[in-house]
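These protein sequence lines map, in sequence, to chains A and B.
Note that the first sequence covers residues 19 to 350 in this note's numbering.
Note that the second sequence covers residues 19 to 350 in this note's numbering.
By construction, the Cβ of each residue, glycine as well, lies at the ideal position given by its N, Cα and C atoms.
Since this is a predicted model, take the numbers as computed values, not measurements.
Number of protein chains: 2
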Amino acid sequence: MNGHVTIADVANHLGVSKSTVSHALSGKRRISAEVRSQVMQAVKELGYRPNFAARVMNTRRTGLVGVLVDSLNNPHNTALLEEFGRALSSHSIQMVLGTADRIDDGRSLLAKFCCGMVDGILNTLPELGEDEAVELAGGIPVVTYRRHRESPLVIDFAAGTRTALAYLFKLGHRHIAIIPSDSRAQNGLPDPCFSAYCEQMELMGISPRIFQAPGGTLQAGYEVADSLFASDTTAVLAGNDAVASGLIRRAIECGIRLPERMSIVGHDDSPIAVVTSPPLTTLRLPLGPIATHTVQVLMHAIDPAELMPEPLTIIPELIARGSTMRFNNPHK
Amino acid sequence: MNGHVTIADVANHLGVSKSTVSHALSGKRRISAEVRSQVMQAVKELGYRPNFAARVMNTRRTGLVGVLVDSLNNPHNTALLEEFGRALSSHSIQMVLGTADRIDDGRSLLAKFCCGMVDGILNTLPELGEDEAVELAGGIPVVTYRRHRESPLVIDFAAGTRTALAYLFKLGHRHIAIIPSDSRAQNGLPDPCFSAYCEQMELMGISPRIFQAPGGTLQAGYEVADSLFASDTTAVLAGNDAVASGLIRRAIECGIRLPERMSIVGHDDSPIAVVTSPPLTTLRLPLGPIATHTVQVLMHAIDPAELMPEPLTIIPELIARGSTMRFNNPHK
DNA sequence: CAAAAAAATGAAAACGATTTCAATGGGGAA
DNA sequence: TTCCCCATTGAAATCGTTTTCATTTTTTTG
Numbered sequence: 019m020n021g022h023v024t025i026a027d028v029a030n031h032l033g034v035s036k037s038t039v040s041h042a043l044s045g046k047r048r049i050s051a052e053v054r055s056q057v058m059q060a061v062k063e064l065g066y067r068p069n070f071a072a073r074v075m076n077t078r079r080t081g082l083v084g085v086l087v088d089s090l091n092n093p094h095n096t097a098l099l100e101e102f103g104r105a106l107s108s109h110s111i112q113m114v115l116g117t118a119d120r121i122d123d124g125r126s127l128l129a130k131f132c133c134g135m136v137d138g139i140l141n142t143l144p145e146l147g148e149d150e151a152v153e154l155a156g157g158i159p160v161v162t163y164r165r166h167r168e169s170p171l172v173i174d175f176a177a178g179t180r181t182a183l184a185y186l187f188k189l190g191h192r193h194i195a196i197i198p199s200d201s202r203a204q205n206g207l208p209d210p211c212f213s214a215y216c217e218q219m220e221l222m223g224i225s226p227r228i229f230q231a232p233g234g235t236l237q238a239g240y241e242v243a244d245s246l247f248a249s250d251t252t253a254v255l256a257g258n259d260a261v262a263s264g265l266i267r268r269a270i271e272c273g274i275r276l277p278e279r280m281s282i283v284g285h286d287d288s289p290i291a292v293v294t295s296p297p298l299t300t301l302r303l304p305l306g307p308i309a310t311h312t313v314q315v316l317m318h319a320i321d322p323a324e325l326m327p328e329p330l331t332i333i334p335e336l337i338a339r340g341s342t343m344r345f346n347n348p349h350k
Numbered sequence: 019m020n021g022h023v024t025i026a027d028v029a030n031h032l033g034v035s036k037s038t039v040s041h042a043l044s045g046k047r048r049i050s051a052e053v054r055s056q057v058m059q060a061v062k063e064l065g066y067r068p069n070f071a072a073r074v075m076n077t078r079r080t081g082l083v084g085v086l087v088d089s090l091n092n093p094h095n096t097a098l099l100e101e102f103g104r105a106l107s108s109h110s111i112q113m114v115l116g117t118a119d120r121i122d123d124g125r126s127l128l129a130k131f132c133c134g135m136v137d138g139i140l141n142t143l144p145e146l147g148e149d150e151a152v153e154l155a156g157g158i159p160v161v162t163y164r165r166h167r168e169s170p171l172v173i174d175f176a177a178g179t180r181t182a183l184a185y186l187f188k189l190g191h192r193h194i195a196i197i198p199s200d201s202r203a204q205n206g207l208p209d210p211c212f213s214a215y216c217e218q219m220e221l222m223g224i225s226p227r228i229f230q231a232p233g234g235t236l237q238a239g240y241e242v243a244d245s246l247f248a249s250d251t252t253a254v255l256a257g258n259d260a261v262a263s264g265l266i267r268r269a270i271e272c273g274i275r276l277p278e279r280m281s282i283v284g285h286d287d288s289p290i291a292v293v294t295s296p297p298l299t300t301l302r303l304p305l306g307p308i309a310t311h312t313v314q315v316l317m318h319a320i321d322p323a324e325l326m327p328e329p330l331t332i333i334p335e336l337i338a339r340g341s342t343m344r345f346n347n348p349h350k
């Protein structure tokens with residue numbers, strides 16, 4: 019034996035032709051029950067496993083999809099990846115990981131993937147545009163996360179923000195501040211959460227309170243905390259959970275009690291959120307549906323028999339935890 | 019054109035043979051400079067890309083390695099994965115992700131991978147033993163994380179614990195407690211950190227203080243906190259960062275000042291560690307070297323020309339942050 | 001200058017499956 | 001009985017490379 023068993027070995031062992039064995043296994047044509055069971059038996063006995071490369075050569079399907087990602091240290095990325103994996107596995111497809119910190123790595127990975135190695139590409143690299151990716155892919159379908167054209171996936175951040183504001187309002191808060199996130203700004207437009215906040219405040223006739231935490235890091239949150247706590251603000255929408263945790267750290271350090279002094283709403287429901295004290299009330303992106311939709315768009319591009327999903331609008335959901343509470347007016 | 023350009027197209031376009039083109043590209047035999055440059059030119063012009071499946075068919079190398087992982091929600095896993103990716107990419111190898119929550123999924127993924135789809139397997143599934151994995155892989159090299167036999171990778175948890183204890187001792191702490199981790203227990207042996215702690219305490223003639231946080235979760239840490247703070251313990255080695263953050267949460271809730279009341283040392287340097295207040299002093303596993311070593315063992319198994327790495331002993335390193343401080347005797 | 005060595009290229013086999021085209025045999029209908 | 005159809009199966013082509021074996025041309029050497 020050559021080390022591994024081929025379909026020819028199975029055929030010879032039974033005295034039938036290769037095509038019979040192939041068809042018995044694939045079920046693509048009628049094979050008598052007797053022969054079929056003999057084949058199954060022989061396959062087991064000889065330990066035959068269909069060869070991946072040979073199969074791919076004919077079918078032109080690898081059952082692999084390349085996923086371009088900038089880092090695995092980012093919990094948002096890994097959560098997304100997990101959901102992509104779940105969605106793809108329901109199509110019996112595996113992910114080939116391409117981690118590219120620099121955009122050029124992304125480009126060369128794309129070239130490497132797109133020579134028949136993968137059936138399609140999921141691109142999550144923020145710097146790599148859909149158009150360029152499609153260009154480089156040379157015919158292999160590409161779907162760029164949150165930026166594909168057909169059957170758009172829109173994330174209604176504004177609606178999420180309104181939910182959060184309504185929640186705070188109901189808790190009695192009126193002096194509500196915001197720390198906008200620059201990472202949610204897209205092609206020239208400001209953070210949609212910020213816009214929604216401004217609109218909503220105007221609607222209620224309350225003057226907006228805007229604080230900045232450039233970079234959106236814990237450190238930035240920590241640094242803006244003092245001016246925030248010095249104001250008479252009673253609740254704040256932080257741009258993300260990291261900024262929120264920076265606020266919390268400074269509060270603990272200064273002996274400011276949370277959430278009594280101030281209610282804090284984070285954004286992203288990152289793993290951070292359950293660890294802070296108090297744990298963060300935050301806006302979560304339902305990544306499951308997002309991934310399912312994105313994957314379905316790709317599946318349609320790969321195989322038109324798969325139907326194109328309906329356009330989907332996603333609204334971030336409020337996860338209420340301990341960092342928010344009813345406002346008690348100290349002057350009463 | 020059939021949609022994509024083959025090596026035959028390039029050959030015809032130049033009026034040379036397929037083998038000439040193939041050799042010009044691979045460099046496996048001398049080709050006259052003139053012809054070579056013509057080939058390169060034509061490749062560019064026609065947009066030729068070597069076909070993955072056909073190449074694999076001959077070389078029996080896919081440049082892919084399957085990585086079995088139980089979840090991507092676990093930050094330890096993703097950090098490890100990131101390092102695996104880094105180590106593999108230096109061999110121009112990509113990872114095929116196999117997420118298996120249940121062991122049976124792991125088994126079937128292994129079978130799916132090992133029919134020529136990957137050149138090797140990195141198994142990180144705790145439930146899937148090396149022997150069974152090798153059995154299922156049917157000839158494809160498998161390396162099981164931290165459990166491969168040749169060129170062992172030992173992680174000297176005991177040494178890490180001694181480092182942490184020495185650190186606390188130097189800070190003046192004598193009443194040092196431990197919360198052992200059951201997840202570090204291996205084949206019947208208790209958590210090596212726990213053993214090292216007991217030894218060391220005995221050596222110093224100090225009686226050990228043992229607290230339990232079953233499950234090693236934040237919640238478990240939270241629940242054991244009261245009894246810990248009720249004792250006269252001044253420092254504690256928590257089994258992992260989650261447990262440590264549970265302690266911290268309870269302390270904040272009760273108005274217990276940290277690290278003044280108690281120094282806390284975590285374990286794992288998970289993303290949690292920088293987010294708590296105070297940020298956690300913790301023992302970090304240097305995953306880079308670990309991944310490099312593990313990958314090198316696999317590379318050797320795949321291609322004996324790659325040399326087998328020396329056995330490696332890894333010592334967790336202490337990352338000092340804000341959760342530890344010098345002990346000030348309140349009675350003085 | 002002839003023979004051997006070296007350099008450059010071509011032709012065809014191999015890789016292991018799928019798929020197309022062709023053939024066989026048995027059973028029912030005319 | 002003869003013919004046709006259908007159910008089964010075989011033989012061979014195909015996918016696009018790499019690799020082996022063979023050939024031609026050029027250069028070197030005694």
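Span of the alpha helix (DSSP H) around A/M317
L305 to I320
How many angstroms separate the CA atom of A/P329 from the CA atom of A/V315?
10 Å
8 Å Cβ shell around A/G134 - same chain, five flanking residues per side excluded
V74, R78 and T80
Between B/L143 and A/E168, what straight-line distance do the alpha-carbon atoms span, to the nearest angstrom?
38 Å
Proximity to B/L221 [Cα-Cα], best of B/T342, B/R125, B/F187 and B/I197:
B/F187
Just verifying my parser: in three-state terms, what is the DSSP assignment at A/G138?
strand
Please list, in chain order, the chain B residues whose beta carbon lies closer than 7 Å to that of A/R267.
S295
Can you give, in chain order, each stretch of the beta strand (DSSP E) that sits fully within the segment 226–263 of chain B and has at least 3 residues?
253–255
Given a cut-off of 8 Å on the beta-carbon distance, is the pair B/H191 and B/R227 in contact?
no
Three-state secondary structure (DSSP) of A/S35
coil
Residues bridged to B/A195 [DSSP beta-bridge criterion]
B/R227 and B/V254
Which term fits A/L76, buried or exposed, when burial requires 16 or more other beta carbons within 10 angstroms of its beta carbon?
The displayed chain sequence assigns Asn, not Leu, to residue 76 of chain A. Classification for A/N76: exposed.
Helix, strand or coil for B/L335 per DSSP?
What sits at residue 335 of chain B in the sequence shown is Glu, not Leu. Looking at B/E335 - three-state DSSP - the assignment turns out to be strand.
Tell me, to the nearest whole angstrom, how far the beta carbon of B/G138 is from that of B/A319; I am working on the premise that it is less than 8 Å.
6 Å
At the 8 Å Cβ level, is B/M317 part of the contact set with chain A, yes or no?
no
Secondary structure at B/T294, three-state DSSP: helix, strand or coil?
coil
Between the Cα of B/D55 and the Cα atoms of B/A42, B/R275 and B/R302, which residue gives the shortest distance?
Strictly speaking, residue 55 of chain B in this sequence is Ser, with Asp absent from that position. Comparing Cα positions, the closest option is B/A42.
Cβ separation of A/T179 and A/L255, assumed to be a contact under 8 Å, to the nearest whole Å
7 Å
CA-to-CA distance, A/L106 to A/A253, given in whole angstroms:
40 Å
What residue range is occupied by the uninterrupted beta strand (DSSP E) comprising B/L146?
Per DSSP, B/L146 belongs to no beta strand (DSSP E) and is neither H nor E.
Excluding the five sequence neighbours on either side, which residues of its own chain have a C-beta within less than 7 Å of the C-beta of A/T331, listed in chain order?
V172 and D174
When the distance is taken between beta carbons, is A/V160 closer than 8 Å to A/M113?
no
Please list the segments of the beta strand (DSSP E) lying wholly inside the segment 21–94 of chain B, counting only runs of 3 or more residues, in order along the chain.
82–87
Touch check for the segment 280–289 of chain A and the segment 232–245 of chain A: three-plus C-beta pairs under 8 Å?
no
State yes or no: is the C-beta of B/L276 within less than 8 Å of the C-beta of B/S225?
no
One or two residues paired with A/L330 in a DSSP bridge:
A/L171
Start and end residues, alpha helix (DSSP H) containing B/M219
P210 to L221
Chain-ordered residues of the segment 276–293 of chain B with a beta carbon less than 8 Å from chain A
P289, I290, V292 and V293
May I have the straight-line CA-CA distance separating A/R67 from B/F131, to the nearest angstrom?
11 Å
Quick one: what's got a C-beta closer than 7 Å to B/E212's C-beta in the same chain, skipping five residues either side?
The question names Glu, yet the displayed sequence has Phe at residue 212 of chain B. Here the set comprises I196 and P198.
Run through chain A and tell me which residues come within less than 9 Å of B/A97, C-beta to C-beta.
L90 and N91
The alpha helix (DSSP H) that contains A/L127, what's its start and end?
I121 to F131
Please go through the same chain and pick out, in chain order, the residues whose beta-carbon is closer than 6 Å to the beta-carbon of A/D209, but skip the five residues on each side of it.
P198, S199, R202 and A203
As a quick exercise: from B/A291, B/V293 and B/E241, pick the residue whose alpha carbon is nearest that of B/E271.
B/E241
For A/R104, three-class secondary structure by DSSP:
helix
Can you tell which of B/E335, B/L32 and B/A269 has its C-alpha closest to the C-alpha of B/A184?
B/E335
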